[in-house]
Structures are given as structure tokens and as C-alpha cells.
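Residue numbers (our numbering), protein chains in the order written: chain Z, 10 to 216; chain L, 135 to 395; chain S, 114 to 536; chain W, 195 to 294.
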């Protein structure tokens, strides 16, 4: 039901124009002066490859001129490490299942570490196929896969754009200072979450 | 001058007429190619004949070139099956004739010809043609009416007029005082100083139009005004204008007939 | 060598070669500055990346290589001809457009007379040709400009292109009349049709350029030239929003580039005419070396530079206007021409006739010209204001056919029960 | 430079071709175009005759001829538009009924 208050009264377009308005020239001069003034104001362009906006996670995130708001940005993936430097992933296939673009490929193997059963022997993400929806991040039970703020993702070949486990871990190494791992404690099964938990020393391969 | 020259010219008219006849659009198998060849041959031979008998003079080559262009253009105006091309070939005729006028020292008329004909009249023709005839050619365009009789009549007229040329110098050297305006800057001494820039054809035309022919000029102006009013009255779209538009009707459809244009 | 150059024909040939190069280069950088100015007006940077062939690595030359890159791109693209297009005309149209827009340079006086060997005797005129018809040549060339657009539009066999072409034809025909009237004012007040002599008349009259005596005619000529070049706000022929590019919708690669170049060439040539007719050509007061009597080669170069500066200023205004004003509606465009510009132009011609009758243009002093000219222009403007003020406020076209919005206006607000249907 | 006789023959040729076109073509616009072609012939003749007599009058009449041609074009095209709107065709045959 439409009430009286919902009606917006539109000004009648056929109101009489004043004499100066009918000449249009004063209005044109006004417009020209506006554009002329604009020509001498500060440019908003950022010369991208040379100048970059640094990602920023706190403070005033709404100011468009200051820095890139990285708090909710979804860029390149990274594969997190647990506090012992091992890969945090437990190869549960949740992300691969959740991925709508089918860009994640995991080969699971038996974990060399005692606190979990499996670990990813191979973890590939096709960054060209990915749609950066963040579903993998949501699906991961141990917060091992996360999307970073990195937005300038380029490469010369298609193969170069398929990120394997090593590369994804490198992304973590580069970005963990600015965007720390969301919940570093929930890796594996044994003893996770307890502050006095002593992780087993890694054996075998480091990743 | 050769005594057989008039007969030679009449013979060339006949060849040209045959060319036009063959080149006219017709319903059956097109004979445009032999027609065009005949017509071109006629024009070429005519120019050759005139050039042979004429004494060598300045600018003669240009004059033959533009005459030939005008004739070829006119032939294509008459014979081309696509109407838009007819208009374009007419532009070619206009430009050629205008160049001929420049060679005759009638610069004002030459440029007026281009402004009025090529710039206004033919654009209007093209405008109406494009509006009314979307496809390149319509059935009526590709079948000419009574081509033989028409060509006979046309070229008989042409021969009659040419026969009246009589004692006019068909082929002679130009009078020496005729200054070729196109080549005005060809001679260094003519462009040297401002005092060399005498009032030319334009000033003379202006003086003649504004003194001797001022009444005619005014009459022409009135004629143009009448034509303006007449064209408006003839072609005005008769749209019933509703005084108070009905708000129930949808936007943009009020009081509009489906216009053919 | 110097003796050879004293031949006007050879000098004209040289001048043509130089001018064609200069104008083509100018056109290339016009396209660049068009983008730059649009960017500046919109608080952006504009193209600033392309340097010269990778020379001076790491330094971009502020993007000055951009026109070359654009040209190369146009050159290397695939030439396509639509299947149902009228092929000869389709190919010819851009060429016609370009040729017609270029040949106007022939009559522009670029720098007065030149005394090559400095013996005090003038050798050649710094002008390709100084024909008897002068200004009329400008009119003739301008009137041919419509063919490229109309033919390209028709030959493309595309409805939108055809609309663009038809609009262009009607628009150019209409705006040729005020153009002629504005030029007539100059002819009457200078008593000359040769462009060189028009410049001379402006200088000899105490440096009163025609723009000071006839400012309204200057304005009129500028507006009509905007329309003749199909520049915004008169770019009905290529209105991108409705006609997806108008007459050059179906064009690509070099043929499109020719259309594009011809538009900018037209702009430059038209600006040159504007400067010659109203802004004193190569003349500028208070700067030594720009007078009539200076004929040394350095003075001629200075005169050319001055004319070039004026042209650049005019072209800047063209671009500035394009990125400021929205496009006219077609009926507004026609109304402006037939009800606004042409009556004003007629009034100005009448003013010029009266001034000529009283011998004002030939007077030695500056003041009668200025007083008569400015007073007369004020009178014409006043009359225009009066007429516009008395005529009913025009509501035209679509607005006139719209139902009044009284459904929602307070006076006729429908009863509450019916409001469901009202919306 | 062409002599007067050459110009007169050129004018005659243009006039004749215009006549042929006017008689044969079946498109109203082309027919009017052919009358313009005949105007061109007359124009060339006028200038040639003016030159023969050493006067400007031929050229002055040429200017008036241009004005008349413009008038003819305006009214004729107005009529063509009107006729086309009635019948939807540019062919003169569809108006044969007006022969009476």
C-alpha cells in the first residue's frame, strides 16, 4: 500500500526559465569556469607501477586517498605455516570441494608428524582460474589457506601462474608481517589450542 | 581549318550517342561495358580532334582534361543505375565545370557554382535520396524508358546547337590578354607586391551585380524567399497537434503520426 | 638556391610540403592533447607512458610518443570492409573527408611577405596561393566537407551510420548560413575578400582586430565552426550514446584514422581562418617584428609562430568546450541555427552595412570603429534579448509532448484511493 | 585554354545528355538531377557567350541561373518528398493516373 508519504513530488519540468537561463550563455560560461578550475587541481591518479598504495589493516580504512584498505581485500592465496614453520594444511580437501572454480588441486600423503594424520604432498592453485571468492578460506577448518592483500599478480606464462605449495608458502613468508595468521594455534589435532602445548619437532621435510 | 571538321564532329556525336544508348541501364543483358568504351572513345577522339586543330596555348591541357571529365561525369549521371552514384558523378561534373570557369577567368561564378551546387543543392538531393531510397538501386532505376528515341532526340538537339557554332573559333589560340588566374603565382613578377594584386573578377562581378543588375538581384532574392515559403508549404509535415496532451497515453506517442521519414 | 626560392611557384611548393608536415604533426599532437585535456579536466593524468621507441630507458617523455604509437596501431590493424557495404564509396569516403579538410591551407596567409635576400624588395608571399576569390574559396571548401561524412554513412549500409550522416547533412547545411553571414561581416568591414588583405586591413586600421569591432560576429563564426567540424556540443553525426559512433561506426584501421585526422585537420584549419579573419592573423601589437614592413626571414618565422600560437589557443578552446558541454538535442540544434544564429547574423550584416555606409571602416582613428562596432553589437544583442524575452518560453520537442507531471504535483494530486494505479 | 567554340559544344553536350537522362530515367530525383545537368550546359554557354562579347553579363546571368537552380531544387525536392510520402516510390509511373 502506498501512503501519502511515499510520493515524491517531482518539480514540474516545464517551469518558465528566466531570461539568462534561456540564453544558456551564462550557464555555459559557468560550466567552462568549472572545468578550467578542475584543470589546475590536484590529480587523483596514482602512477601505478612506480607508486603503490600500501595495504593497511587498521586505522581509518574509508579514506580513499590514503592507503589500500587491505582488511577485507581478497588477493593472492597463501598457505599458512604453523608456529613450528610447518605447513598448516591438514589435506582435508574441504577447500578443494568448496572451490566453485575448481582451481585447487591437493595430493594428500601421510603426515610425517605425529600431531596430524595427513599433510599435502602437493598443493596447487591455478591463479588464473581462481575467482577470488574466498570460499576456500571459509571452508578451511584449520585456517591454513587465506587470501592476502596482494593485488598485482602478473606472470608471463600460464604455467607460471599455477602456484604450488612452495610458492604459496613463500607468499605467507612475505605477508605474515602485515597480515598475521588469523588463528595460529589451531593446526592439527593433538593439543591444539592449549597454551602450554609443545609442538613436536618437525621431521622429514620442512614444509 | 579543315572543311571536313564539322562532319567529323557530327560523326563523333553519333558515336557518343551510340555509347550512351548502349550504356543506359536496361532489363536484359547489360551492355554498359561496350557503351562506356564507345562513349569514352567519342570523348577521347573529340579532345584529340580539337587538340589537333587548336594552336598550342597556355592551359589548353587543363581545359581538355576538365572538359573530358565533365563529359564523362555527365554520361555517368545519365547512365548509372545507382542513384547515389548519379549524384556523385554530378558533383564531378560541377567540379570540372567550375575548373573550366576558373580557366576562363570567371572565378566568382566558379566558386559560387561549387558552394551552391556541390555544397547545398546536391547535398539536399543526396539527403532526400538517402531518406527515401535505402537500397542501392530500385527496379525502376535499372530499366530506362524509350532509350533509342531519347538518345536520338538528345543528340539531334546537340548537333543542332553545335551546328550553330559556325563561325565561332572552335580551335584557335586564346587572346593574349586573358590572364590565367590559376597560374597567377607561376610568374614571380605577379606576386611580388601588393600593388600587383589588382581588383579582379570578384570585384567586377560585385560591382556589376550591385549597380547594373541590382533590380534583378533583388528580384532573385524575392524569388528565393517565395521558393522557401513554397517548399515549406509543400513539404511540411501535417501533424495534428493536440492542444492538451492526454496524460493517459504513453510518453512520446502523443499527437504523433507515424511519419514516413 | 636563393634565386630559385624567389620564384613564387617553387616557394609555394616548398610551403605546401612544410605545411603538410607541420599540420599532420599538429594533428597528431592534437589527438594527444585532446586526451590530455580531457584527463586534466577530469582530475586524471592522461597518456604519459609512451616514450620514443624505448630510447632513454626509464624516461617516458611525458607520453609524447603516444601519437606515433596510435598511428602505428591504426596502420597495423586489419582493414575490413563490411560485406554489404558499397565498396567504392566506402573506401572513398575517408579520403574525400581528409582531402577536403586539408586543402583549406592553400589560402591562409601564414606570415605576410618574405624578402629572401634582404635587399629591401619583397620576393615572395608566404602563402600557397592568394587567389582573387580568397574567402569564397574557404566557403567552397567548407561546403564540400559534408560529402565525406554523408557518403561514409550511406556506404556503410548501417542504420545508425545513416542517421549520423543525415543529421550531419542537415546540420552542416543549416550552419553554413550563419557561417556565411559572419564571414560577410568581415568582408564588409574590411572591404576585401583576399585573406592577406584582410589581415592587412586589420593591422592598418590601428591594430583594431575585427574581434574588437565585431565581437558577436566572432562568436557566431566560432559557434558555426564548432558545428561544421562536428565537434561537441554539435557532434550529432557521431553521437556515441545513441548512434554508437555515427557515420564512422563501420570504419576501422586506417580508414577510421583518416576520418579522425580529418576532424582534427578541420579544427586546425578552421582555427586558422578564425585567427586570420578576427584575431589579426600573424599580427600582434607591441611585439617588434610582427608589423607589415618586417619582411626578413626571422620576422616571417616570428609571424608564423604568432599565428601558430593563436591557432593553438583556439584549438584549446575547442577541446575545453568539448569536455565541458553536453550534446544538443537535434531540434535544439536546428532551433539555435534558424532562430538564433541566422537572425543575429542578419542583424550583424546590417550593422556592417551601416558602418560601411558611413565610412567607419576606412577611418584613420581607432575610436569611431570601436564605438560604432561595440555600440552596434550591443544594440544587436539588446534586440536579440528583447525578442527572446518577448517570445514565450519555449518548451519543445519531447518535453512538449510529455504529459504534464500534474499527477504528482500538489494541485492535481489524485485521491488516495486511486494512487495504486497512479504509480 | 578552351576557345569559345569548344565551350559552346561542351555546353551543348551537357544539355543533350541532361535531356537524354530526363527522358529515359525512371527515378524522380535522377530526372531532376538531369535538369540540373541541362542547367550546367546553359551555364557553360552563358560564360562562353559572355566571353565572346567581352562582357561580364554572361557571368552575371550565370549567378542568377544558380539562384534559379537553387529555387528549382528546393521546390522540386519538396514536391518529391510529398509525392514519395503518398505512394512510397520515387518512380514517376505511379503518378501516371494524373495524365487525365
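Built from N, CA and C at the ideal position, the CB exists for glycine as well.
Model, not experiment: these values are computed from the prediction.
Item	Value
For residue 132(Z), the three-state DSSP class (helix, strand or coil)	strand
Cβ-Cβ distance between residue 246(L) and residue 231(W) below 7 angstroms	no
Neighbourhood of residue 103(Z) by C-beta, 7 angstroms cutoff - its chain only, sequence neighbours within 5 removed	148, 149 and 150
Members of the segment 425–453 of chain S near chain Z, C-beta cut-off 8 angstroms	433, 434, 436, 437 and 438
Per-residue burial, residue 168(Z) [other beta carbons within 10 Å of its own, 16 or more giving buried]	exposed
Sufficient close CB pairs (3 or more, under 8 angstroms) joining the segment 206–224 of chain W to the segment 287–295 of chain L	yes
Three-state secondary structure (DSSP) of residue 238(S)	strand
Cross-chain neighbours of residue 213(S) in chain L, by beta carbon under 8 angstroms	In chain order: nothing, as chain L lies at least about 10 angstroms away.
For residue 340(S) and residue 355(S), the rounded distance between their alpha carbons	18 angstroms
For residue 114(Z), the first and last residue of its enclosing beta strand (DSSP E)	113–119
Burial state of residue 210(S) (16 or more Cβ within 10 Å)	buried
Cα-Cα separation between residue 175(S) and residue 344(L), rounded to whole angstroms	58 angstroms
DSSP three-state assignment for residue 290(L), whether helix, strand or coil	helix
Beta bridge counterpart(s) of residue 156(Z) as assigned by DSSP	86(Z)
Distance, residue 288(W) Cα to residue 223(W) Cα	14 angstroms
Cβ neighbour criterion (16 or more within 10 Å) applied to residue 419(S)	buried
Residue 324(S) versus 467(S), 468(S) and 486(S), residue with shortest Cα-Cα distance	486(S)
Buried versus exposed, by CB contacts within 10 Å (16 or more), residue 122(Z)	buried
C-beta contact flag for residue 169(L) and residue 153(L) at 7 angstroms	yes
Per-residue DSSP class, three states only, for residue 273(S)	helix
Below-7 angstroms beta-carbon distance, residue 206(W) vs any chain L residue	yes
Beta-carbon proximity check, residue 244(L) vs residue 250(W), cutoff 7 angstroms	no
Cβ neighbours of residue 363(L) in the same chain (closer than 8 angstroms, five flanking residues each side left out)	none
Buried versus exposed, by CB contacts within 10 Å (16 or more), residue 509(S)	Any answer about residue 509(S) is weak, because its pLDDT of 47 lies below 50 and its placement is not dependable; what the coordinates show is given next. Flag for residue 509(S) reads exposed.
Alpha carbon of residue 415(S) to alpha carbon of residue 345(S), nearest angstrom	32 angstroms
Whole-angstrom distance between residue 427(S) and residue 384(S), CA atom to CA atom	6 angstroms
Separation of residue 468(S) from residue 366(L), as counted between CA atoms	34 angstroms
Cross-strand partners of residue 127(Z) (DSSP beta bridge)	119(Z)
For residue 308(S), three-class secondary structure by DSSP	helix
Identity of the residues DSSP links to residue 129(S) by a beta bridge	DSSP output for residue 129(S) lists no bridge partner at all.
Continuous alpha helix (DSSP H) stretch holding residue 298(L): start and end	Premise fails: residue 298(L) is in no alpha helix (DSSP H) and is neither H nor E.
Nearest residue (CA-CA) to residue 177(Z), options 87(Z), 137(Z), 107(Z) and 154(Z)	87(Z)
Selection from 226(L), 202(L), 232(L) and 263(L) that minimises the alpha carbon distance to residue 278(W)	263(L)
Within chain S, partners of residue 48(Z) - CB distance below 8 angstroms	150, 153 and 154
Residue 163(Z) in three-state terms, based on DSSP	coil
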